[in-house]
Amino acid sequence: MFHVNKLLTTVVFFILAISTASSTPREQVLDDYKNGLAPGWETKSFAGQTHYTAEHDDKQFYIKATSKGAASGLFHKIAYDSKEQPILRWSWKIERTLTKGDERRKGGDDYAARVYVVFPSFLFWNTKALNYIWANKLPRGEALPNAFTANAMMIAVESGNGRAGQWLNEERNIYEDFKKYFKSEPPKVGAIAIMTDTDNTGESVTAWYGPIFIGRDNP
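Just so you know, the sequence shown maps onto residues -23 to -1, 1 to 196 in mature numbering (1 follows the signal peptide of the UniProt record, and there is no 0).
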């Protein structure tokens, strides 16, 4: 079982990376996956290996993630001001939620799908993250601190199996979310990540992620 917080163990990675990350244009897509995974993605393994592959069907390109008792994520380093570009858009689909998953317990801190935004700090204990999760038990629209650290907020964008198997489009204002949940102005974004993880529950699950867009309210 993975006992160390999955967010805080990446802090050094982001601190080293942020000085080389480039600023974003008015609106952009991190990767359209049309040529496989772009060079900007990096893998960070916490416990075993979630398998991520760029695939497509007759409608769209996406990343397929399969986890079997493992936890690793794909991170895209990017530095920008969320006040200037507050909107995060993405699409996703899950096979199912995790039976043993429970956002309130360390042993249940696994998710079929999550998209999260990291706000690094050179003082590693100040690094924060907004985790947009497809929740197992937390009701849709609710949020709570991660079971391992209050520096990561778990926000239930979707919940349960009611819409499992469907592609869903999501949109969040990360600037407003940061102010709401951390009660302060956000520092610059350092990375955006996706992760399908099942190391604590030991379950197996598959999820799919469409391209992630960054932009203004009115691009």
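Note that the Cβ used here is the ideal one computed from N, Cα and C, for glycine as well. Computed from a predicted structure; not experimentally measured.
The region 133 to 147 and the region 14 to 26 do not touch, with fewer than three beta-carbon pairs separated by less than 8 Å. Between LYS36 and the set ALA168, GLY187, LYS60 and ASP174, the nearest pair of CA atoms involves GLY187.
Per DSSP, LYS157 is not a residue of any beta strand (DSSP E); the alpha helix (DSSP H) it occupies stretches across 151 to 159. Nearest to VAL166 by alpha-carbon distance, out of PHE159, ILE151, PHE38 and LYS157, is ILE151. Beyond the five residues adjoining it in sequence on each side, GLU72 comes within less than 8 Å, by CB distance, of ALA89, ALA141, GLY142, VAL182, THR183 and ALA184 in the same chain, given in chain order. In the structure shown, TRP144 falls within a coil segment according to DSSP collapsed to helix, strand and coil. The closest CA to that of ALA124, considering only ILE132, ARG117 and GLY118, is found on ILE132.
Relative to ALA170, the option among ASN12, GLU4 and GLU19 whose CA is nearest is GLU19.
Counting the other Cβ atoms within 10 Å of the Cβ of SER22 gives fewer than 16, which makes it exposed. Following the DSSP letters along the chain, one finds PHE52 inside the beta strand (DSSP E) bounded by residues 48 to 57.
Note that the C-beta distance between ALA129 and LYS160 is not below 9 Å. Pairing ILE64 with GLY17 gives a Cβ-Cβ distance that is not under 9 Å.
For TRP67, the enclosing beta strand (DSSP E) has its first and last residue at 64 to 71. Of the residues assessed, GLY139 falls on the exposed side of the cut-off, its CB having fewer than 16 other CB atoms within 10 angstroms.
Around LYS45, the same chain offers SER181 as residues with beta carbons nearer than 6 Å, after the five sequence neighbours per side are excluded. Closest in alpha carbon position to TYR39, among ALA120, ASN12, ALA112 and THR126, is ASN12.
DSSP places SER22 in the uninterrupted beta strand (DSSP E) bounded by 18 to 24. Relative to ALA168, the option among TRP69, SER68, SER59 and ASP176 whose CA is nearest is SER59. Contact between the region 107 to 124 and the region 73 to 89 is present, with at least three C-beta pairs closer than 8 Å. Closest in alpha carbon position to GLN5, among TRP67, ARG81, ASP34 and PHE101, is TRP67.
Taking the C-beta atoms as reference points, THR173 is found nearer than 9 Å to ARG91. In the assembly as shown, LEU100 is an exposed residue. Its beta-carbon has fewer than 16 other beta-carbons within 10 Å.
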